[in-house]
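In order, the protein sequence lines correspond to chains A and B. The opening position of the first sequence corresponds to residue 34 in my numbering, with each subsequent residue numbered one higher. The opening position of the second sequence corresponds to residue 34 in my numbering, with each subsequent residue numbered one higher. Even for Gly, the Cβ is constructed at its ideal location relative to N, Cα and C. For clarity, every value in this text was computed on a predicted model and none was experimentally measured. Presented below is the structure to which this report refers.
There are 2 protein chains.
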Amino acid sequence: MDIQIKKDLSAPRLRELIRDGEWKTPTTGVATGSVQANLVMLPREAAFHFLLFCVRNPRPCPVLDVLEPGQWEPRIARGADLRTDLPLYRVYRDGALAEEIEDVTPLFNKETVSFLLGCSFSFESALIAARVPVRNLEEGKNVSMYITNRDCIPAGPFSGPLVVTMRPMRPDQAIRATQVTTRFHLTHGAPVHLGSPDEIGIEDLDQPDFGDPVSILPGEIPVFWACGVTTILAVMSASLPMVITHSPGHMFVSDLRDEDLTLL
Amino acid sequence: MDIQIKKDLSAPRLRELIRDGEWKTPTTGVATGSVQANLVMLPREAAFHFLLFCVRNPRPCPVLDVLEPGQWEPRIARGADLRTDLPLYRVYRDGALAEEIEDVTPLFNKETVSFLLGCSFSFESALIAARVPVRNLEEGKNVSMYITNRDCIPAGPFSGPLVVTMRPMRPDQAIRATQVTTRFHLTHGAPVHLGSPDEIGIEDLDQPDFGDPVSILPGEIPVFWACGVTTILAVMSASLPMVITHSPGHMFVSDLRDEDLTLL
Numbered sequence: 034m035d036i037q038i039k040k041d042l043s044a045p046r047l048r049e050l051i052r053d054g055e056w057k058t059p060t061t062g063v064a065t066g067s068v069q070a071n072l073v074m075l076p077r078e079a080a081f082h083f084l085l086f087c088v089r090n091p092r093p094c095p096v097l098d099v100l101e102p103g104q105w106e107p108r109i110a111r112g113a114d115l116r117t118d119l120p121l122y123r124v125y126r127d128g129a130l131a132e133e134i135e136d137v138t139p140l141f142n143k144e145t146v147s148f149l150l151g152c153s154f155s156f157e158s159a160l161i162a163a164r165v166p167v168r169n170l171e172e173g174k175n176v177s178m179y180i181t182n183r184d185c186i187p188a189g190p191f192s193g194p195l196v197v198t199m200r201p202m203r204p205d206q207a208i209r210a211t212q213v214t215t216r217f218h219l220t221h222g223a224p225v226h227l228g229s230p231d232e233i234g235i236e237d238l239d240q241p242d243f244g245d246p247v248s249i250l251p252g253e254i255p256v257f258w259a260c261g262v263t264t265i266l267a268v269m270s271a272s273l274p275m276v277i278t279h280s281p282g283h284m285f286v287s288d289l290r291d292e293d294l295t296l297l
Numbered sequence: 034m035d036i037q038i039k040k041d042l043s044a045p046r047l048r049e050l051i052r053d054g055e056w057k058t059p060t061t062g063v064a065t066g067s068v069q070a071n072l073v074m075l076p077r078e079a080a081f082h083f084l085l086f087c088v089r090n091p092r093p094c095p096v097l098d099v100l101e102p103g104q105w106e107p108r109i110a111r112g113a114d115l116r117t118d119l120p121l122y123r124v125y126r127d128g129a130l131a132e133e134i135e136d137v138t139p140l141f142n143k144e145t146v147s148f149l150l151g152c153s154f155s156f157e158s159a160l161i162a163a164r165v166p167v168r169n170l171e172e173g174k175n176v177s178m179y180i181t182n183r184d185c186i187p188a189g190p191f192s193g194p195l196v197v198t199m200r201p202m203r204p205d206q207a208i209r210a211t212q213v214t215t216r217f218h219l220t221h222g223a224p225v226h227l228g229s230p231d232e233i234g235i236e237d238l239d240q241p242d243f244g245d246p247v248s249i250l251p252g253e254i255p256v257f258w259a260c261g262v263t264t265i266l267a268v269m270s271a272s273l274p275m276v277i278t279h280s281p282g283h284m285f286v287s288d289l290r291d292e293d294l295t296l297l
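Pasting the structure below:
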């Protein structure tokens with residue numbers, strides 16, 4: 034499919050293609066302007082503490098939607114089915130990755146609670162619109178992600194370190210980027226750190242814990258945002274019998290528009 | 034106690050006076066600059082759905098802190114005890130007000146989950162600082178509150194109408210008030226409506242459902258903010274065997290400062 038056609042796809046049409054097995058690849062850069070979300074499905078008995086973990090750590094875990102136990106149609110995408118409308122899912126058992134599958138209907142039951150959390154795609158579009166460089170997109174790479182020495186506030190069985198993404202830019206661009214992303218508080222919001230990586234426990238920017246390293250140009254500083262992978266580490270820390278998440282890059286595409294996520 | 038002494042009281046000292054039974058009156062205008070909070074205590078089995086109700090309705094129900102089951106010391110006020118540190122509590126049984134008491138220790142158990150929610154005191158200070166009139170304070174009255182025709186998004190057993198407060202002001206002041214309160218998203222944020230009361234189901238501004246009517250001067254329009262009483266109605270709708278809340282005006286005074294609540 035042509036890149037422009039991919040960009041212009043409507044969110045409902047994309048979900049239909051995915052549900053019918055005609056779309057199996059990542060959703061990055063598709064249905065531009067539609068808000069994409071991280072998915073976490075876990076049993077009702079862990080739902081209070083997981084929601085509490087998200088509320089206590091809103092920068093890495095911004096809540097877009099939470100469904101009642103056993104429901105699969107989110108308010109932010111009427112007619113959608115969270116059991117089938119993502120291209121690829123990950124299943125964790127007892128805290129370890131067990132398998133990747135394309136349909137989780139057989140694993141879903143009336144006690145399953147689904148969470149949709151904001152991801153950074155929306156604010157990357159806003160950065161580009163504000164002429165702030167997004168190096169990972171420029172270089173066609175995955176964003177660089179690092180495990181920091183900062184702990185999230187735990188909740189029940191959920192705990193873990195804050196994971197951050199890094200985008201290099203000039204100081205004046207870092208100021209502009211702070212202004213722009215502050216508005217997007219439901220997709221990680223303002224940066225959590227800028228400058229010295231040491232201070233948050235990152236030894237070598239060239240060796241990210243997840244994703245790819247990107248070029249840092251002369252005069253640029255690293256700017257760090259909270260990252261949704263934080264949630265995955267917290268979910269794994271709880272060692273629940275079974276948790277389902279999206280597979281990296283294979284997100285849920287909602288009917289919300291990027292601008293719906295801004296506070297101002 | 035002298036008004037200035039009341040204003041200058043530190044939050045920990047005020048909580049101590051309350052705990053020792055030496056302070057039994059409302060906390061309005063006391064310990065200026067310290068964030069005051071609404072309290073809701075309910076059983077663990079209802080905690081997920083109540084937290085979900087708050088997350089789905091952040092304007093009326095902004096979450097400041099949620100404690101683990103059985104805990105009484107909040108993160109936002111170290112050393113405090115939510116069972117004794119409010120001057121007056123209300124106890125609801127099966128959805129109806131049963132009694133008002135000064136100490137809820139005997140009713141608290143290891144399954145009790147406590148929620149602290151933002152109230153409008155913080156943004157009223159910010160409005161005054163921005164030279165926006167707060168008529169209820171000028172006239173020494175309780176703010177006017179109205180039940181609207183807008184429904185909150187329900188969650189499990191919790192549902193109910195949106196309740197709003199109203200402050201009259203000139204259109205230019207309404208614009209300034211919108212800017213100022215947008216920053217205070219953890220204490221109800223921006224207005225939910227301005228102008229025609231009819232549109233949100235309010236027939237007569239002179240007959241508020243709660244609080245007192247205030248004067249509306251020539252050239253002024255009513256400006257409406259989401260109100261914490263929304264939470265009380267939602268809690269009553271669930272008809273739980275027992276729920277504890279603060280008594281109106283008798284709030285929990287935290288160690289957070291007003292400016293900690295701003296997004297920008």
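Worksheet item: Any chance the stretch 271-281 of chain A sits against the stretch 214-229 of chain A, with 3 or more Cβ pairs inside 8 angstroms?
Response: Between the stretch 271-281 of chain A and the stretch 214-229 of chain A, the count of Cβ pairs shorter than 8 angstroms is below three; the stretches do not touch.
Worksheet item: Is P230 (chain A) helix, strand or coil when you go by DSSP?
Response: Within the first sequence, the letter at position 197 stands for residue 230 (chain A). In the structure shown, P230 (chain A) sits in coil (DSSP, three-state: anything other than H, G, I, E or B).
Discussion item. Taking the straight line between their C-alpha atoms, what separation do you get for A80 (chain A) and P91 (chain B)?
Written reply: Taking the first residue of the first sequence as position 1, residue 80 (chain A) is located at position 47. Taking the first residue of the second sequence as position 1, residue 91 (chain B) is located at position 58. If you take the alpha carbons of A80 (chain A) and P91 (chain B), they lie about 19 angstroms apart.
Fill in: Min CB distance L84 (chain B) to chain A below 8 angstroms
Along the second sequence, one-based indexing puts residue 84 (chain B) at 51. Chain A, which has a Cβ nearer than 8 angstroms to the Cβ of L84 (chain B), makes this yes.
Item to complete: State the DSSP-derived secondary structure class of R168 (chain B), mapped to helix, strand or coil.
Response: Counting from 1 along the second sequence, the entry for residue 168 (chain B) is found at position 135. In the structure shown, R168 (chain B) sits in a helix (DSSP, three-state: H, G or I).
Worksheet item: Could you give the distance in angstroms between the alpha-carbon of P197 (chain B) and the alpha-carbon of H279 (chain A)?
Response: Along the second sequence, one-based indexing puts residue 197 (chain B) at 164. Along the first sequence, one-based indexing puts residue 279 (chain A) at 246. According to the sequence shown, residue 197 (chain B) is Val rather than Pro. Near 39 angstroms, if we compare the C-alpha coordinates of H279 (chain A) and V197 (chain B).
Worksheet entry | Residue closest to K39 (chain A), alpha-carbon to alpha-carbon, out of A:I233, A:T65, A:G54 and A:M284 | The residue you call residue 39 (chain A) lines up with position 6 of the first sequence. When only C-alpha atoms are compared, the closest one is A:T65.
Worksheet item: Going along the stretch 178-191 of chain A in order, which residues come within less than 8 angstroms of chain B, judged by CB to CB distance?
Response: Within the stretch 178-191 of chain A, the residues whose Cβ lies closer than 8 angstroms to some Cβ of chain B are I186, A188 and G189, listed in chain order.
Item to complete: Taking E101 (chain A) as the query, report the chain B residues whose CB atoms sit under 9 angstroms from its CB, ordered along the chain.
Response: Indexing the first sequence from 1 puts residue 101 (chain A) at position 68. Per Cβ cutoff of 9 angstroms: H82, L85, A188 and G189.
Worksheet item: Which whole-angstrom value is the C-beta distance of M199 (chain B) and P120 (chain B), which I expect to be below 8 angstroms?
Response: For the purposes of this step, residue 199 (chain B) is identified with residue 166 of the second sequence, where counting begins at 1. For the purposes of this step, residue 120 (chain B) is identified with residue 87 of the second sequence, where counting begins at 1. A Cβ-Cβ separation of about 26 angstroms leaves M199 (chain B) out of contact with P120 (chain B) under the 8 angstroms criterion.
Practice prompt. Go ahead and label T58 (chain A) buried or exposed: buried means 16 or more other beta carbons lie within 10 angstroms of its beta carbon, across all protein chains shown.
Written response: By one-based count along the first sequence, residue 58 (chain A) stands at place 25. Flag for T58 (chain A) reads exposed.
Fill in: Which of helix, strand or coil DSSP assigns to T61 (chain B)
Along the second sequence, read from residue 1 onward, the residue named residue 61 (chain B) stands at position 28. Three-state result, T61 (chain B): coil.
Practice prompt. Using the Cα positions of C87 (chain A) and C94 (chain A), report the straight-line distance between them to the nearest angstrom.
Written response: On the first sequence, residue 87 (chain A) is found 54 positions in, with the first residue counted as 1. On the first sequence, residue 94 (chain A) is found 61 positions in, with the first residue counted as 1. In a straight line, the C-alpha of C87 (chain A) is about 5 angstroms away from that of C94 (chain A).
Worksheet item: According to DSSP, what are the bridge partners of P300 (chain A)?
Response: Outside the displayed span of chain A (34 to 297) sits residue 300 (chain A), for which this structure offers no information.
Practice prompt. Return no unless some Cβ of chain B is closer than 8 angstroms to the Cβ of F88 (chain A).
Written response: Translated into the one-based positions of the first sequence, residue 88 (chain A) becomes position 55. Checking the sequence shown, residue 88 (chain A) turns out to be Val, not Phe. Closer than 8 angstroms to some Cβ of chain B, the Cβ of V88 (chain A) qualifies, so yes.
Worksheet item: Between the C-alpha atoms of T295 (chain A) and S155 (chain A), what's the straight-line distance to the nearest angstrom?
Response: Residue 295 (chain A) sits at position 262 when you count from the first residue of the first sequence. Residue 155 (chain A) sits at position 122 when you count from the first residue of the first sequence. C-alpha separation (whole angstroms): 10 angstroms.
Worksheet entry | Three or more C-beta pairs below 8 angstroms linking the stretch 170-180 of chain A and the stretch 242-253 of chain A | In this structure the stretch 170-180 of chain A touches the stretch 242-253 of chain A; the number of beta carbon pairs closer than 8 angstroms is three or more.
Worksheet item: Residues of chain A with CB under 7 angstroms from V96 (chain B), in chain order?
Response: On the second sequence, residue 96 (chain B) is found 63 positions in, with the first residue counted as 1. Against V96 (chain B), the close residues of chain A are V88, in the order they occur along the chain (beta-carbon pairs closer than 7 angstroms).
Worksheet item: In whole angstroms, what separates the C-alpha of A210 (chain A) from that of G112 (chain A)?
Response: Here residue 210 (chain A) corresponds to residue number 177 of the first sequence, with the count starting at 1. Here residue 112 (chain A) corresponds to residue number 79 of the first sequence, with the count starting at 1. Their Cα atoms are separated by approximately 35 angstroms.
Discussion item. Taking 8 angstroms as the threshold (C-beta atoms), are P194 (chain A) and T215 (chain A) in contact?
Written reply: Position 182 of the first sequence holds residue 215 (chain A). Position 161 of the first sequence holds residue 194 (chain A). The answer is no: Cβ separation not under 8 angstroms.
Discussion item. So, with DSSP's three-state summary, where would you put P194 (chain A)?
Written reply: In the first sequence, counting from the first residue as 1, residue 194 (chain A) sits at position 161. Strand, per DSSP.
Item to complete: With a threshold of 16 other CB atoms inside 10 Å of the CB of E157 (chain B), please say whether the residue is buried or exposed.
Response: Translated into the one-based positions of the second sequence, residue 157 (chain B) becomes position 124. Its Cβ being crowded by 16 or more others within 10 Å, E157 (chain B) is buried.
Worksheet entry | Exposure label - I36 (chain A); buried when at least 16 CB within 10 Å | Taking the first sequence and counting its residues from 1, one reaches residue 36 (chain A) at position 3. It counts as exposed.
Discussion item. So, does the stretch 42-56 of chain A touch the stretch 280-288 of chain A, judging by three or more C-beta pairs under 8 angstroms?
Written reply: Enough Cβ pairs lie closer than 8 angstroms, so yes.
Worksheet item: Would you call N142 (chain B) buried or exposed, if buried means 16 or more other Cβ atoms sit within 10 Å of its Cβ?
Response: By 1-based counting over the second sequence, the position of residue 142 (chain B) is 109. Answer is exposed; the Cβ neighbour count stays below 16.
Worksheet entry | Run of the beta strand (DSSP E) containing H279 (chain B), from where it starts to where it stops | One-based indexing of the second sequence puts residue 279 (chain B) at position 246. Following the DSSP letters along the chain, one finds H279 (chain B) inside the beta strand (DSSP E) bounded by residues V276 to H279.
Worksheet item: How big is the Cα-Cα spacing for S67 (chain A) and P230 (chain B)?
Response: Position 34 of the first sequence holds residue 67 (chain A). Position 197 of the second sequence holds residue 230 (chain B). Cα-Cα distance, rounded: 34 angstroms.
Discussion item. I'd like the list of long-range same chain contacts for R116 (chain A), defined as Cβ closer than 8 angstroms, with 5 residues on each side in sequence excluded.
Written reply: For the purposes of this step, residue 116 (chain A) is taken as the residue at position 83 of the first sequence. Closer than 8 angstroms at the Cβ level, and outside the excluded window around R116 (chain A), lie W105, D136, V137, T138 and F141.
Worksheet entry | Ordered list of beta strand (DSSP E) runs contained in the stretch 59-135 of chain B, each at least 3 residues | Those beta strand (DSSP E) runs which fall completely within the stretch 59-135 of chain B and span 3+ residues are 67-76, 96-99, 122-126 and 129-134.
Worksheet item: What are the residues that DSSP puts in a beta bridge with D184 (chain B)?
Response: On the second sequence, residue 184 (chain B) is found 151 positions in, with the first residue counted as 1. Here D184 (chain B) is bridged, per DSSP, to B:P194.
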